[in-house]
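Below you'll find the structure, written out as structure tokens, and then a few comments.
Residue numbers (our numbering): 5 to 114.
Structure representation (structure tokens):
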């Protein structure tokens, strides 16, 4: 979160002034989870296959993303077989699934 005290943007600080410099942020929370526990079911960016993550802070802290209850093997299989529209078009195929519900339907057919 932000600090209440405004920084002195025009002031030039010397090395001896380090303790007097007002930080613009404070109270950091660091999250350390295995990727499959916080991964989402859609890409992180629009047209690539980058694995997206959950955005809810509680899900991040608890590692309770959509793959958490299914395990790492399901996460790996889901993302190994995931195709964006562009990827499917390039191999003249259909997008097999866009979410976990469609993934389970696809997996049961394969």
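Note that the Cβ used here is the ideal one computed from N, Cα and C, for glycine as well.
Leaving aside the five residues before and after residue i along the sequence, list all residues of the same chain whose C-beta is less than 6 Å from its C-beta, in chain order.
i, result
"residue 82", "107"
Of all the options the options, which has the alpha carbon lying nearest to the alpha carbon of residue i?
i, options, result
"residue 75", "42, 56 and 27", "42"
"residue 87", "45, 60, 22 and 72", "45"
"residue 89", "53, 61, 113 and 23", "53"
Work out the CA separation of residue j and residue i for me, nearest whole Å.
i, j, result
"residue 79", "residue 96", "25 Å"
"residue 19", "residue 13", "16 Å"
"residue 15", "residue 33", "30 Å"
"residue 109", "residue 22", "59 Å"
"residue 101", "residue 26", "49 Å"
"residue 77", "residue 17", "53 Å"
"residue 94", "residue 85", "15 Å"
"residue 66", "residue 40", "12 Å"
Excluding the five sequence neighbours on either side, which residues of its own chain have a C-beta within less than 8 Å of the C-beta of residue i, listed in chain order?
i, result
"residue 64", "35, 37, 42, 57 and 58"
"residue 48", "54, 55, 56 and 57"
Give every residue of the same chain whose Cβ lies closer than 7 Å to the Cβ of residue i, excluding the five residues on either side of it in the sequence, and list them in chain order.
i, result
"residue 92", "98 and 99"
Strictly by DSSP, which residues pair up with residue i?
i, result
"residue 57", "43"
Label residue i either buried or exposed according to how many other C-beta atoms from any shown protein chain fall within 10 Å of its C-beta, with 16 as the threshold for buried.
i, result
"residue 72", "buried"
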